[in-house]
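> Chains as they are written, first to last, in the numbering used here: chain R, 192 to 541; chain G, 192 to 541.
Don't be surprised by glycine CBs; every beta carbon is placed ideally from N, CA and C.
Structure in structure tokens, see below.
Number of protein chains: 2
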Amino acid sequence: MHSGSSNAARVGAPRKTIGDIAKAAGVSKGAVSYALNGKPGVSDATRQRILAIARDLGWHPSSAARALSDGRTGVLGLIVDRPARTLGIESFFMQLISGIEATLSARDVGLLLQVTDDQEKEMAAYRQWWAQRRVDGVILVDLRRDDPRVPLLEQLGMPCVVIGGPEGLGALPGIWSDDTGAVTEVVEYLAALGHRRIARVAGLRGLYHTALRDRGVAATAQRLGLPEVDTVYADYTGEEGARMTRALLSRRPVPTAVIYDNDVMAVAGVAVAHEMGVDIPRELSVVAWDDSPLCQLVHPQLSAVSRDIAAYGSHAAERLLEIVDGTPSGTAQDATPRLVPRGSTAPPRD
Amino acid sequence: MHSGSSNAARVGAPRKTIGDIAKAAGVSKGAVSYALNGKPGVSDATRQRILAIARDLGWHPSSAARALSDGRTGVLGLIVDRPARTLGIESFFMQLISGIEATLSARDVGLLLQVTDDQEKEMAAYRQWWAQRRVDGVILVDLRRDDPRVPLLEQLGMPCVVIGGPEGLGALPGIWSDDTGAVTEVVEYLAALGHRRIARVAGLRGLYHTALRDRGVAATAQRLGLPEVDTVYADYTGEEGARMTRALLSRRPVPTAVIYDNDVMAVAGVAVAHEMGVDIPRELSVVAWDDSPLCQLVHPQLSAVSRDIAAYGSHAAERLLEIVDGTPSGTAQDATPRLVPRGSTAPPRD
DNA sequence: TCACAGCACTGAACCGTTTAAGTGTCAATA
DNA sequence: TATTGACACTTAAACGGTTCAGTGCTGTGA
Chain R
192 MHSGSSNAAR VGAPRKTIGD IAKAAGVSKG AVSYALNGKP GVSDATRQRI
242 LAIARDLGWH PSSAARALSD GRTGVLGLIV DRPARTLGIE SFFMQLISGI
292 EATLSARDVG LLLQVTDDQE KEMAAYRQWW AQRRVDGVIL VDLRRDDPRV
342 PLLEQLGMPC VVIGGPEGLG ALPGIWSDDT GAVTEVVEYL AALGHRRIAR
392 VAGLRGLYHT ALRDRGVAAT AQRLGLPEVD TVYADYTGEE GARMTRALLS
442 RRPVPTAVIY DNDVMAVAGV AVAHEMGVDI PRELSVVAWD DSPLCQLVHP
492 QLSAVSRDIA AYGSHAAERL LEIVDGTPSG TAQDATPRLV PRGSTAPPRD
Chain G
192 MHSGSSNAAR VGAPRKTIGD IAKAAGVSKG AVSYALNGKP GVSDATRQRI
242 LAIARDLGWH PSSAARALSD GRTGVLGLIV DRPARTLGIE SFFMQLISGI
292 EATLSARDVG LLLQVTDDQE KEMAAYRQWW AQRRVDGVIL VDLRRDDPRV
342 PLLEQLGMPC VVIGGPEGLG ALPGIWSDDT GAVTEVVEYL AALGHRRIAR
392 VAGLRGLYHT ALRDRGVAAT AQRLGLPEVD TVYADYTGEE GARMTRALLS
442 RRPVPTAVIY DNDVMAVAGV AVAHEMGVDI PRELSVVAWD DSPLCQLVHP
492 QLSAVSRDIA AYGSHAAERL LEIVDGTPSG TAQDATPRLV PRGSTAPPRD
């Protein structure tokens with residue numbers, strides 16, 4: 192970094208500093224700083240005068256100087272570690288980011304984003320961000336079982352909020368939605384329609400919420416006296432969703448309902464059913480997790496588990512800002528996802 | 192910003208500074224700086240010793256201090272101004288970002304991301320980023336006709352690369368792909384299949400590339416002696432894609448082929464055709480712009496105009512880094528998008 | 001043998017803020 | 001009337017780097 196070329200030509204008007212304001216106002220830099228930051232130490236008249244001059248001069252604080260002085264950067268970080276091919280199509284992250292931004296931009300805090308393709312790089316990036324004080328804290332997503340990032344962040348002492356939980360967080364604060372409750376609702380709904388042979392195309396095995404949903408589905412099926420739910424694992428891509436659906440539809444007895452762990456796999460599953468001549472919802476009911484617009488693009492429209500992902504991001508950002516400001520914060524629960532029934536679910540044929 | 196609470200508890204080990212290294216090595220801070228930055232001024236033996244000590248101490252440069260001193264932040268900015276509902280589902284931005292990151296992370300440069308919902312806010316954000324020196328430069332996307340952001344960035348003198356062009360850039364450097372050539376290929380292909388009544392569901396009217404494609408389609412149709420291409424404009428969402436498709440399929444004579452300006456609208460169009468009992472590709476051929484995995488999720492799979500969006504982002508980031516380093520840079524052309532024919536295109540029935 | 005160039009390094013200023021500590025003034029209190 | 005305290009400021013250090021202008025030493029050539 193900062194290779195060759197010494198000081199590139201920085202043209203344009205020279206930056207205004209609080210020194211300029213001080214000179215113009217005939218006071219010291221300190222007084223200007225107090226005035227500008229709304230701190231006591233200057234009379235109201237002087238404060239107004241300084242504020243006016245700052246405005247006239249078009250002054251803006253240098254983020255570098257401020258960061259150097261007070262140890263805050265005014266930037267939070269987010270690292271997304273997913274292979275590029277699954278990243279693009281899933282709307283989860285964009286919605287999450289847009290929620291985070293809603294909170295941050297209101298407070299003039301920036302979001303530093305990094306996309307990596309393996310966890311080692313992600314961990315290295317946290318170390319570096321913190322060592323260089325590039326960010327004040329991070330939002331951690333895609334919590335895994337025995338996630339090595341958790342002890343790392345604990346050890347670094349880096350302010351952090353985990354999206355996920357309520358377990359597996361160590362001492363880190365988390366924000367989670369009740370996936371268990373949501374899968375319970377889904378299984379109960381399918382059972383009420385008359386389904387008994389339910390299958391599931393789950394997400395990555397290593398992810399914490401996959402395990403949570405696994406448990407919830409199994410427990411509910413058992414409670415309702417249903418046979419064990421046939422679960423296969425995939426990587427959220429359409430290809431795997433299609434492949435797994437083919438596998439499931441080839442089993443005997445064939446399931447009458449499939450729960451998918453994301454919308455993309457569900458849509459791919461619908462395409463496969465179509466290709467195999469299986470009618471949805473007459474012969475097969477389909478439920479998707481995460482209700483993106485994608486679910487309404489296909490025919491029939493998909494019944495889906497819906498949650499407000501942007502709100503999720505918003506809340507996580509708020510919590511992180513509090514933590515950065517020194518307010519301790521525990522783990523909190525967000526709204527429970529709820530099922531939105533659409534055309535892809537119906538009673539089974541027989 | 193930087194409200195209440197003075198200095199939040201910053202625990203953890205105190206940061207190592209070049210002062211610590213200097214003390215340990217028995218040299219001055221200046222010598223350490225020269226050694227660490229590979230600059231002349233220290234002997235090789237001393238340099239090695241200093242490097243070793245820095246490693247042992249686990250030193251990392253403070254980004255704030257460096258930024259304050261040399262005027263560089265090591266961060267580039269990207270502002271995405273699209274309504275949240277269209278943001279999530281379109282894979283364009285995630286692919287673009289992932290390409291940008293590929294370039295940046297290799298050079299230890301960060302990406303500051305902002306999502307806004309109107310252009311005024313976007314422009315305000317550029318002003319502020321530059322005034323506060325939060326970023327060294329920005330990548331501008333979604334170039335519009337008579338885009339007010341262009342004069343703004345020119346006036347600010349903020350390093351910048353525009354994704355889009357080759358016109359409408361003012362003096363800003365751009366990176367563009369030959370959309371005109373690509374639409375030409377599409378129209379020629381459809382004409383070769385025998386289509387004469389071609390329609391188009393275009394993207395936002397104000398976007399520069401929409402106009403470019405408009406012109407390309409019109410010119411090619413005229414050259415080939417086809418009737419005028421029936422063009423309607425939409426906002427890239429599935430809803431509008433569906434609505435526009437319904438409108439087009441209700442016209443008489445009904446078009447035998449539709450070109451969509453993005454994948455989402457094309458998929459929605461397919462769903463509408465299905466719902467209206469129009470067989471694809473026998474009665475209607477469909478071509479999508481931007482070949483995301485989405486195009487292969489539906490049945491039949493969509494013929495699509497494909498371009499390497501990640502590479503696009505990568506190149507833009509490289510160019511911007513050069514500019515920030517003081518290398519002047521003109522407008523450059525990236526690879527031309529190419530048509531990938533799949534199952535959604537065929538000769539018309541009659 | 002002396003002048004001088006070149007090297008390796010030091011010292012200090014500088015970037016633009018924040019903030020602790022200090023100073024001078026004035027009014028209220030003992 | 002002297003003491004105190006509050007207020008409105010100023011001064012200067014600190015944050016952690018980079019860089020410019022020296023400084024002292026060594027080796028070379030005349």
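Going by other Cβ atoms of all chains shown within 10 Å of its Cβ, with 16 needed for buried, is E419(G) buried or exposed?
Translated into positions along the second sequence, residue 419(G) becomes position 228. Per the 10 Å Cβ criterion, exposed.
> How close, in whole Å, do the beta carbons of P528(G) and S368(G) come, if the pair is a contact with beta carbons under 8 angstroms?
Taking the first residue of the second sequence as 1, we reach residue 528(G) at position 337. Taking the first residue of the second sequence as 1, we reach residue 368(G) at position 177. About 6 angstroms separates the two Cβ atoms, so the contact holds.
> Got a sec, what are the start and stop residues for the alpha helix (DSSP H) S260(R) sits in?
Locating residue 260(R) in the first sequence gives position 69, counting from the first residue. Residues 254 to 261.
> Which residues of the stretch 480 to 497 of chain G have a Cβ closer than 7 angstroms to any Cβ of chain R? Give them in chain order.
The stretch 480 to 497 of chain G vs chain R, Cβ under 7 angstroms: S483, P484, L485, Q487, L488, V489, H490.
> Cα separation between L242(G) and G268(R)?
By one-based count along the second sequence, residue 242(G) stands at place 51. By one-based count along the first sequence, residue 268(R) stands at place 77. Near 29 angstroms, if we compare the C-alpha coordinates of G268(R) and L242(G).
> Who are W367(G)'s beta bridge partners in DSSP?
Here residue 367(G) corresponds to residue number 176 of the second sequence, with the count starting at 1. For W367(G), which the question treats as bridged, DSSP gives the partners Q524(G).
> Tell me whether the beta-carbon of G365(R) lies closer than 9 angstroms to the beta-carbon of D338(R).
Against the first sequence, residue 365(R) aligns to sequence position 174. Against the first sequence, residue 338(R) aligns to sequence position 147. No; because the gap between Cβ atoms is not below 9 angstroms, this pair is not in contact.
> Rounded to the nearest angstrom, what separates H386(G) and G460(G) at their Cα positions?
Numbered from 1 along the second sequence, position 195 holds the residue referred to as residue 386(G). Numbered from 1 along the second sequence, position 269 holds the residue referred to as residue 460(G). Using only the alpha carbons, I get a separation of about 18 angstroms.
> Would you decide whether D452(G) is buried or exposed? Buried here means 16 or more other CB atoms lie within 10 Å of its CB.
In the second sequence, counting from the first residue as 1, residue 452(G) sits at position 261. Burial call: buried.
> Touch check for the stretch 397 to 408 of chain R and the stretch 464 to 473 of chain R: three-plus C-beta pairs under 8 angstroms?
With a cut-off of 8 angstroms, the stretch 464 to 473 of chain R and the stretch 397 to 408 of chain R do not count as touching, because too few Cβ pairs lie within range.
> With a threshold of 16 other CB atoms inside 10 Å of the CB of S483(R), please say whether the residue is buried or exposed.
For this step, residue 483(R) is matched to residue 292 along the first sequence. Buried: at least 16 other Cβ atoms inside 10 Å.
> Suppose you measure from the CA of R533(R) to the CA of D454(R); what does that come to, to the nearest Å?
For the purposes of this step, residue 533(R) is taken as residue 342 along the first sequence, with counting starting at 1. For the purposes of this step, residue 454(R) is taken as residue 263 along the first sequence, with counting starting at 1. Between R533(R) and D454(R), the C-alpha separation is close to 14 angstroms.
> So with CB distances below 9 angstroms, who are the chain R contacts of S296(G)?
Your numbering for residue 296(G) matches position 105 in the second sequence. Those within 9 angstroms of S296(G) in chain R are Q305, V306, T307, K312, A316.
> Tell me, please, whether the CB atom of R443(R) is closer than 9 angstroms to any CB atom in chain G?
Within the first sequence, residue 443(R) is the residue found at index 252, counting from 1. Answer no: the Cβ-Cβ gap between R443(R) and chain G never drops below 9 angstroms.
> Beta strand (DSSP E) containing L568(R): first to last residue?
As shown, chain R starts at 192 and ends at 541. That puts residue 568(R) outside it, with no answer to give.
> For I241(R), which of helix, strand or coil comes out of DSSP?
Against the first sequence, residue 241(R) aligns to sequence position 50. I241(R) falls in the helix class under three-state DSSP.
> Please determine, among T411(G), C351(G), L493(G), V392(G), the residue with the shortest C-alpha to C-alpha distance to A382(G).
As a first step, residue 382(G) must be located in the second sequence, where it is residue number 191. Per the Cα distances, T411(G).
> Are any of the Cβ atoms in chain G nearer than 9 angstroms to that of R325(R)?
Reading the first sequence from its first residue, position 134 is the one you call residue 325(R). Closer than 9 angstroms to some Cβ of chain G, the Cβ of R325(R) qualifies, so yes.
> Let's see if you can read the secondary structure: which residues bound the alpha helix (DSSP H) around S296(R)?
By one-based count along the first sequence, residue 296(R) stands at place 105. Start and end: 283 to 297.
> Any C-beta of chain R sitting closer than 9 angstroms to the C-beta of V531(G)?
Position 340 of the second sequence, counted from the first residue, corresponds to residue 531(G). Answer no: the Cβ-Cβ gap between V531(G) and chain R never drops below 9 angstroms.
> Kindly say whether G301(R), judged by its beta-carbon, lies nearer than 9 angstroms to any beta-carbon of chain G.
Translated into the one-based positions of the first sequence, residue 301(R) becomes position 110. Yes, its Cβ sits closer than 9 angstroms to a Cβ of chain G.
> From the DSSP output, which residues share a beta bridge with I209(R)?
Here residue 209(R) corresponds to residue number 18 of the first sequence, with the count starting at 1. DSSP output for I209(R) lists no bridge partner at all.
> Would you decide whether I209(R) is buried or exposed? Buried here means 16 or more other CB atoms lie within 10 Å of its CB.
In the first sequence, counting from the first residue as 1, residue 209(R) sits at position 18. I209(R) should be labelled buried.
> Residues of chain G with CB under 7 angstroms from P252(R), in chain order?
Within the first sequence, residue 252(R) is the residue found at index 61, counting from 1. Those are Q323, listed as they occur along chain G.
> If the cut is a Cβ gap below 9 angstroms, which residues of chain G does R276(R) touch?
Within the first sequence, residue 276(R) is the residue found at index 85, counting from 1. Near R276(R) (Cβ distances below 9 angstroms), the residues of chain G are P484.
> Let me check one thing: in DSSP terms, what residues is Y225(R) bridge-paired to?
Residue mapping note: residue 225(R) aligns to position 34 of the first sequence, counting from 1. DSSP output for Y225(R) lists no bridge partner at all.
> Within its chain, find whatever has a CB closer than 6 angstroms to the CB of G356(G); leave out the 5 residues flanking it on each side and keep chain order.
Here residue 356(G) is taken as the residue at index 165 of the second sequence, counted from 1. Answer for G356(G): G365, W367, T522, listed in chain order.
> I need the DSSP call for T428(R), collapsed to helix, strand or coil.
For the purposes of this step, residue 428(R) is taken as the residue at position 237 of the first sequence. In the structure shown, T428(R) sits in coil (DSSP, three-state: anything other than H, G, I, E or B).
> Skipping 5 residues on each side, what residues in its chain have a beta carbon closer than 8 angstroms to that of G265(R)?
If you number the first sequence from 1, residue 265(R) lands on position 74. Correct list, in chain order: S254, R257, A258, D299, V300, G301, D327.
> Could you check the C-alpha separation between G372(G) and L403(G) for me, to the nearest Å?
Translated into the one-based positions of the second sequence, residue 372(G) becomes position 181. Translated into the one-based positions of the second sequence, residue 403(G) becomes position 212. Rounded to whole angstroms, G372(G) to L403(G) spans 10 angstroms at the Cα level.
> Please return the same chain residues whose Cβ sits closer than 8 angstroms to the Cβ of L488(R), not counting the five positions on each side in sequence.
Numbered from its first residue, the first sequence carries residue 488(R) at position 297. Result list for L488(R): V458, in chain order.
> Determine the extent of the alpha helix (DSSP H) in which I354(R) is found, giving its start and end residues.
The count along the first sequence starts at 1 and reaches residue 354(R) at position 163. I354(R) -> not in any alpha helix (DSSP H); beta strand (DSSP E) instead, spanning 351 to 354.
> In this structure, how does DSSP classify R533(R) when only helix, strand and coil are distinguished?
Taking the first residue of the first sequence as 1, we reach residue 533(R) at position 342. R533(R): coil per DSSP, three-state reduction.
> Could you spell out the range, first to last residue, of the beta strand (DSSP E) harbouring S476(R)?
Translated into positions along the first sequence, residue 476(R) becomes position 285. That run of the beta strand (DSSP E) goes 476 to 480.
> A316(G): which of Q305(R), G432(R), L295(R), V332(R) sits nearest, CA to CA?
Sequence index remark: in the second sequence, residue 316(G) carries index 125 (1-based). When each option's Cα is compared against that of A316(G), the closest is L295(R).
> Just verifying my parser: in three-state terms, what is the DSSP assignment at G372(R)?
Translated into positions along the first sequence, residue 372(R) becomes position 181. Here G372(R) sits in helix by DSSP.
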